[in-house]
Every structure is written in structure tokens, then in C-alpha cells.
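One structure below.
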Amino acid sequence: MTQICQIEIDGRACDATPGESLLTTLHRHGIVVPALCHHPGLSCPATCRSCVVHVEDAQADRHVVTACNHSVSAGMVLHVEDEDSRQLRSRALAQLLQRHAMDCPTCEAAGECEFQEAVAGHGPQRQPHELQGATDRVQLGTRLIFDAGRCIQCGRCARFEHEVSGTQQLSMQGRGGDIDIVAATTGVDHAMAGNLVDLCPAGALVDPESTFLPPTWTRRSVDTVCGGCGTGCAIRADIDGEGRVVSLRPRHDEQVNGWWMCDHGRYESDADHEDRLALPEPPSPDPETAWQVSIDRLKRRLMQPRSAVWLSPFLTLEEAFLLIEAAQGWRARLFQWAPPEAQEQSFPGGFKISACAAPNATGLQRLLAGSNIQAGSTTDLQMAIAEKQVGQLLMCGGGPAGGRPPLKRDGVVFVAAHDLTGATAADLLIPASHWLEKDGTFLNQTQQLRRVRPADVEMACWDLWPEPSPIWFGCGRQGFGQRWSPS
Amino acid sequence: MQERRWLLEGVERPDADALDVYRRNGGYGGARWRQAAGQDVCALVVDVTESEAGRFRDRKLAERLPHRLIEGALIAAHALAADEVYLCIRADWRRARTVLGHALGEAEAAGWIGRPLGRSGHAVNFHVHPVPGPLPARGGDHLLPNLIECSRPEPRAAFGVDALPTLFGGSVLVHCAATLGYLPSILSHGADAFRVLGGKDFPGTVAVSVSGHVRRPGLFEIEIGTGTFGDVIDDLAGGTVAGGESLAIFCDGAPALKGEAIWSAAVDPAAWSHPGGGPQMGSFGSGTIVVADESVAPIELAAKWLRDAAELSCGQCPGCREGSAWLAKQSRRLRQGGVAGVDLPAFEARLEELATSEADGLSICGHPTVAAQMTQGLLQIAPDELSQQAAPGAEPCTNDGPLRTADSIHLRF
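Chain order of the listed sequences is D and B.
So the first sequence is residues 0 to 486, counted in numbering that gives the first Met the number 0.
So the second sequence is residues 0 to 412, counted in numbering that gives the first Met the number 0.
As C-alpha cells, then:
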């Protein structure tokens, strides 16, 4: 049970947890104090000095402390919004502003820039010193640019490289006014480099591809889960006014991903792949009935003897459950495929990129084991095909192109593919949903339930088909998806 | 361990029995001793880096009296029950490092280091840790643990008001070498023998580093309260090179002195407003005197001082990083004169901001405060010259002669 103590903030009695940082306590009570060098996922050097507040001791003497690295104790008396404290914070911000390039109207971070917010709320009313903004831009990686003029030398990026990614490809160099962020000669090419853009409080580290995106204040966000691998990082999908997902960023989840995500999940989701299937193939003369015709055809074929369903680890638990149920109704044999195993990547900060490239491989295993259903492997399916035991096969995909293992399908009379793209040669192709469009749950490799919400992407089939996952229609259930909630 | 704690028991008492008092001879960290008395301290870090401008007594101590330094550190480590002692010494002091290394070898051969000592059975290991220098002045408390851990030479912010610095996760006491050097004689001759020297509140001696435009620069140990700065400059250091009036730059936070003030300012902490509460405004600091010839312009010296301060700022805290760089640039413009002139009120306001930045919590260490207070002191003694130089169209402020420029004065931190 957490102990609670009483403290006083600007003459107001407040509850607080002893040992918690002052900054967290202030934020909890709705008092915003800027903290530009502080990031909850990193160590706290307390160098920007923009979070200074006054603390009264037992003799009523006032001391200046930095809220980020001092902790709460019972009976503490804090002065945060008084004139003296605001003046000190304003002085600290004025110093940081001195060499900051004032290009906010064209800055990629404008609208979500911590420094901009801090200066607006706590900064000087007028700038007392001459400004010396520089505008050098250096390409550090394929998706990373460093704008030296905006850098406020908070050191978050260097600490991230040291403490979390362990790659040390960015570091602080020099001293005094010449202090600078420098990159390794190889640039920044590790698998967590995208987090540097999120970390930077002043827009100095930017993703070049975000330069021409709509401004941040026109976007909305959906909290979902990354389907790039078995880790299942909590993420936030930013969606522009036209309904397109423009960026994926990590959400804090202490149990799974901390504050971070990998670049594979961030940049390589092929939700808007150019070969994306829009309508079932072969095309129907009337697009309005294309879905119904195709799914009726699929069901008719799979009801015949010697049917098989090849399950995908990219299906949500709900989709997999319905498909397994339907397959049992069709008396179809079940097989499952596993994505090719990669090397698991562990980082010093505790972040891991799973060896399993699919989000729900563990969930699928658990679902089959819990239902006492035997599902064969890809090898079993291959043998069954060789022994002429499979007449018609439904192949589930949903992952990145090439993720599904190759299969020799000679002798299979009817092959239906439920996939993102039309790369598979099949008698019937049904478009599948990307994980960014799904509404359901995954079970990650550490057996944690991960809630996936549709990022409202304009999926090609939605114009004609109102439900998120057409496979449910193939299974004979309707109206289950959007109203379903695990809670 | 309990038996040795008596060494720390007296730290609250303002007399010569307490180690705490000896910080007033130039060592900092009296508060640290009080904190250390109640905590488990895993190591003692001895600061032999001496980054204050114009000071060189730690180097001389390591070169000339290395055994005393080692004994002092050994006593302190036993008092704290610390197992390790890190002697952080400037890597560029080759002679000091060699001598200290030899002395450590002798102490090890004699069985004082690395082996259980006496009935306590407590063994202390010594490590000589070369560090780059110069470092930001007065940043050593939390900076040296960073260097030992192979991080950037930056002072760390204290976590909590009363927190000791940490090294590899354990608490450490960081202490200056000169103060530890007093310990062997105090323990062998007794506190009373030490208290006979000096004043009531500030007993003992102080080692004064005198450099600059004097005939015989050097390190002089004098009894506290027995003379003025003029006495030190004229009697011990042989007077100024040119023979004229000197401008004494009293480093480490004190104002510059000129004319009569040099002869009335006593070499006694009790006479200064800090720490003794005396009539002389300013801080006694660590007893460092840099003497400039009367022909050197204070503005030129201030510009040099600010340039050095800006270069040596570690760059962590924005106030110090941006403030000292901005002031250095403005002071260069002051020195060079020219058409544009300098906004003097803004310059002075920024200097005042820098001077109060440590007290206002806007910098982690005292580096900007020392730099700004020293500059303020220099500019105060030449107010007319300052406004003249700041005006548009002022002539460049330079002097001729090998010893008559600010560059001939060693001011590096």
C-alpha cells in the first residue's frame, strides 16, 4: 500500500507520495513546470534548471531546488507559482532561448515542441539578450536530421544513446558555448534511432519525411499496439485530416516497452503498400456485390471434403477464434504458420525486439492449446498436400510481404488467400486488414494481452464493406467487431 | 568502525578539534563532513586537480609533501571507514604524479596501504586517477566521481538537499587535498598546538599562492591574521616587477583590490564578509593572489578572465554556458572598442545574473559565480574606464610591453 503524506503547494494542502519526485507530484496536481532535460525514461542530470521551485525548510528559510531530481518528504512546503520562482524559471528559459533558432513557423516540431510550450508558459515576456540562432542541418541517418540551430544541449539524445540503446552513436562534445551534439562516423543507424526524434524537446532532431506533413495540431491520435513483432509495443498512431496514418510513436508501458519502440515497427508498417488489395479477385462485374460473391464462393468451397485452413499469426485472437470455429464447422483441417525467426535484439535499457516477427504467434498457440485443437505445422501441411489430403486451402496472411513461408501447392484444387497484397497466386483473393486497422487483441511473447484499436485508416474495402475485418463474414458472423471490447 | 568515529564526532563544534573547521583554511566541504558522519561512505575522493585560477598549492603539496597528503587521506579514510581512496590528480602534472606514485609505493612497502591496519583490521586501497584539466572551478564535488566513472567532466546535480556525491552507486566524500594535508600534524601534535596559531575562529595557517607581476611568485604558508595582502606581495613575493602600485586580483570570489585596500585587507577569513562576517566585503576563498601591474587595464583583464571562464565552462547549465559565452563576446567588444559600442546596462545585468546563478539554483556548481564576481570586482575599480570603453567609437584597450598586458598573467583556471 502506497504511503501518502501531506505537503503544501502554494498554500494549498495536497496529498503526495514520499520519495516521489517533486515534478511528478506537481504534474499530478495539475501544476505544469517545464523540465527540458528531464525524461522519465532516462537518468536525470538536472542541467536545464527550468524546473526550479522554492522549498521551505523547518526554519521557514526558502531554498531553490530543481523539481526533477528532488523528492517529496512529509510536511514539505513548496512555492511554485510565486513571482520569485516564475522569475527564476523565466531566466533559465531565456538563457536556453538565446541560441535557439527561432524558426517555429517552419519547424517540424511546432505544436508539440516542449521548448515552445515551456517558453510560452514560463519564458520571458521579452528576450533580453541578442539571439544567435544557427541553421546548420546535418543528415545523421536515413530518417534522422540534426538541426544544430535548434539544439538546447539538454543531452537527452546522448543519454538515450548511452543508457537505452547502448549504441553511443550520438554524444556531447566540447565544453562551454562550443558544446555540441556529434554523431559517430557511421551516422545513427541503430534500430531505435526513431526514438531520438520523439525525445528531442526542441525539434533539433527531426525526421526528414515529416517536413511536409500537415501540422501537428491538425492530427488526431489513436492508442493502439504495434504488430511489427512479438513484443507488442504500446503505440500511438497519428492520423491526419484525411484519415491517413502519418506517424507511429511509442506510448509509455512500463511492463512491455517502457517509453520506446523500434524503427522497424515505426517506419516499416506497410499499411499503405502500393500493391494493397482493394477488392476481392477475380473481380466481380458488380463491385457492390464483389465481397458477398467472393465470400459465398469461399464458404461453398471450404464446405467440401479435404478442406484446410492455414492460420496466420497476424490474426487477432478474436479473428483466429472465429476462423477456427468456422473451420470446425466446415470440417476443415487446421494448420498454422510461423514467421521466420530472427535474432532477438536486446538493448541495455531493457528494450527488446522479439525474434518472432508476428504479433500474435503466442496468442494463436495459446488459443489452440486452450481449445484442445490440434493444428499442424507448415511441414505437416506440406506432407498433407503431397499425400493428396488437401483439396482446397485457405491461406491466411496479413503480415509483411514474404512473411509467410513458401508452400508447394501442386495438387490443391482451390486456393484462397486472405492477404494484404495480391502477390500470392490464388483462385480467390480476399483483402485482409492490416494490424493498424484491426480491432481486437494480441497476446505478446510474454503472455500479456495487448489491445489493438483501428487507427481509422481508409481501407480500400471499407467503402463497400462496413466492418473492419472481412474474414468475419467469411466465418458467418456479422456485427461482432466494432462493438466488442475486452473490458 | 565505531572506534574510529570519534574523528568525526566533533564536526559540529566550532573549534579546532573538528575537521570541519579546517575547511576555512581553504578547503570546501564542511557540510560534507557533517553529512558523511551519519552515512556509510564507500570511498574518499581527494581533489588534487586545483582548477581555481591562479592557485597551485595542491600541485606543490603533491610534489613536495606527498607523504603528508597520503597520511591525511589515510586518516580521513579510516575516520570514514572508507575502503578506497581515489587521488584525482591532473594528468598534465607529470612531476607531481611521479612523486606521488613513488610515495604511494613507499607507503605500500611500509604496510600502510592495502593491508589491515592495527587492531581495527581496516585496509585502505589507494588509486591514483589522472584527470584532464583544467576543470570548471568549484565543480569538483560532483565532477570527480563522474571522471572516475569515465563520464564527461561535468559536475552532477545533487539528488536531494543533503545528498553526498555518489561513485558507482555508493556515497563518497570528495575533499580537497590541502585541507587533508593538515590532518597528520593535528593528530600528532594535538589540536591545541594547531590552535595556538591564527585567530580564535580561524586557527592555523593558510597557504597563499602568489603569481602575476611580482618578482618572486610562489606559494607561501603564513599564519592566519598576521599580515595584509600588501605584506604578502611586498615582503614575501618581492613586490611588483615594475616597482609601482599593484592591482591585486584576489581570486575565488573576492573583489579586486587597488591602492590602500591592498594594505588594509588582512589575510584572515575573519576579516571578510564570507566566511567570517568581517568588514571586508567579498569571500576569502582559498587564498590566491594574482598581481597585475598598474599599467594593465582592468577591462583587458576582465575580458581575459571572461574568455577563460567561458572556455572552461563545462556547458551543462544554460546560465553558465550561454551567459559566459555572451559576456566573453561582449567583453571582447569592450576591449576592442569600435563604432558599435556595448550596451553596458545589459552587460552588467547579465553579469549580475551570472554572479547569482548558483545561489538562485540556476547552475549546478559555482563556476559562473566565481567568474562573474571576479569580473564585477575588476570592473568596480575602474568605473570611468568602463563607461568610456562601452561608448561607441572607443579606442582599443591595449598596452605595450612584455609584462604589461593581461596575457602575461597566468589566469587559467
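Yeah, the Cβ is synthetic: ideal placement off N, Cα and C, and Gly gets one too.
Rounded C-alpha distance that separates residue i from residue j
i                      : j                      : result
residue 207 of chain D : residue 144 of chain D : 6 Å
residue 176 of chain B : residue 259 of chain B : 34 Å
residue 95 of chain D  : residue 109 of chain B : 55 Å
residue 187 of chain D : residue 139 of chain D : 6 Å
residue 222 of chain B : residue 285 of chain B : 14 Å
residue 266 of chain D : residue 452 of chain D : 19 Å
residue 164 of chain D : residue 448 of chain D : 26 Å
residue 436 of chain D : residue 221 of chain D : 11 Å
residue 411 of chain B : residue 190 of chain D : Bear in mind that the predicted position of residue 411 of chain B carries a pLDDT of just 45, short of 50, making it too unreliable to give a figure here.
residue 118 of chain D : residue 322 of chain D : 54 Å
residue 316 of chain D : residue 123 of chain D : 53 Å
residue 25 of chain B  : residue 252 of chain D : Below a pLDDT of 50, predicted positions are generally treated as unreliable, and residue 25 of chain B, at 35, falls in that range; the measurement from the model is reported next regardless. C-alpha separation (whole angstroms): 50 Å.
residue 401 of chain B : residue 369 of chain B : With a pLDDT of only 45 at residue 401 of chain B, under the threshold of 50, the placement of this residue in the model should not be trusted; the figure read from the coordinates follows. Cα-Cα distance, rounded: 28 Å.
residue 123 of chain B : residue 327 of chain B : 45 Å
residue 235 of chain B : residue 247 of chain B : 14 Å
residue 361 of chain B : residue 48 of chain D  : 5 Å
residue 460 of chain D : residue 211 of chain D : At residue 460 of chain D, the pLDDT of 41 sits below 50, so the modelled position is not reliable and the matter cannot be decided from this model.
residue 329 of chain D : residue 421 of chain D : 25 Å
residue 271 of chain B : residue 77 of chain B  : 34 Å
Bridge-paired residues (DSSP) for residue i
i                      : result
residue 85 of chain B  : B:44 and B:126
residue 273 of chain B : B:282
residue 442 of chain D : D:448
residue 140 of chain D : D:143
residue 337 of chain B : B:393
residue 169 of chain B : B:166
residue 257 of chain B : B:246
residue 69 of chain B  : Residue 69 of chain B pairs with nothing; no bridge assigned.
residue 121 of chain B : B:116
residue 280 of chain D : D:428
residue 375 of chain D : D:334
residue 7 of chain D   : D:12 and D:76
residue 344 of chain D : D:352
residue 420 of chain D : D:275
residue 235 of chain D : D:222 and D:248
residue 170 of chain D : D:181
residue 265 of chain B : B:227
residue 25 of chain D  : For residue 25 of chain D, which the question treats as bridged, DSSP gives no partner whatsoever.
residue 257 of chain D : D:252
residue 153 of chain D : The partner list for residue 153 of chain D (beta bridge, DSSP) is empty, contrary to what the question assumes.
For residue i, the nearest candidate out of the options (CA to CA)
i                      : options                       : result
residue 358 of chain D : D:425, D:217, D:259 and D:264 : D:264
residue 40 of chain B  : B:102, B:93 and B:166         : B:166
residue 340 of chain B : B:129, B:64 and B:385         : B:385
residue 383 of chain B : B:298, B:327, B:315 and B:331 : B:298
residue 312 of chain B : B:376, B:217, B:168 and B:50  : B:50
residue 370 of chain D : D:393, D:361, D:394 and D:324 : D:324
residue 431 of chain D : D:280, D:52 and D:62          : D:280
residue 408 of chain D : D:418, D:386 and D:396        : D:386
residue 450 of chain D : D:344, D:237, D:154 and D:224 : D:224
residue 391 of chain B : B:267, B:338 and B:380        : B:338
residue 280 of chain B : B:256, B:155 and B:395        : B:256
residue 355 of chain B : D:52, D:44, D:25 and D:87     : D:87
residue 438 of chain D : D:91, D:30, D:262 and D:226   : D:226
Minimum Cβ-Cβ distance from residue i to chain C less than 9 Å
i                      : result
residue 331 of chain B : The structure shown has no chain C; the protein chains it does contain are D and B.
Q: Note down, one range per segment and in chain order, each beta strand (DSSP E) of at least 3 residues found wholly within the stretch 304-335 of chain D.
A: 306-310 and 332-335
Q) Counting pairs of beta carbons, one from the stretch 321-335 of chain B and one from the stretch 162-182 of chain D, are three or more of them closer than 8 Å? A) yes
Q) Can you give, in chain order, each stretch of the alpha helix (DSSP H) that sits fully within the stretch 182-243 of chain B and has at least 4 residues? A) 190-194
Q) Contact between the stretch 234-243 of chain D and the stretch 353-372 of chain D: three or more CB pairs below 8 Å? A) no
Q | Cβ contact (3+ pairs, closer than 8 Å) linking the stretch 108-128 of chain B and the stretch 64-78 of chain B | A | yes
Q) Which full runs of the beta strand (DSSP E) of 3+ residues lie inside the stretch 59-123 of chain D, going along the chain? A) 61-65 and 76-78
Q. Are the stretch 304-314 of chain D and the stretch 270-287 of chain D touching by the rule of at least three beta carbon pairs closer than 8 Å?
A. no
Q) Is there contact between the stretch 13-24 of chain D and the stretch 65-74 of chain D, where contact requires at least three CB pairs shorter than 8 Å? A) yes
(Q) Check whether the stretch 294-306 of chain D and the stretch 420-432 of chain D are in contact - that is, three or more C-beta pairs closer than 8 Å. (A) yes
**Q.** Length at least 4, wholly inside the stretch 284-371 of chain B: the alpha helix (DSSP H) runs in chain order
**A.** 297-311, 317-335 and 343-354
Q. On the three-pair Cβ rule with 8 Å, is the stretch 328-348 of chain B touching the stretch 75-90 of chain D?
A. no
Q) Is the stretch 56-68 of chain D close to the stretch 97-108 of chain D, with three or more CB pairs under 8 Å? A) no
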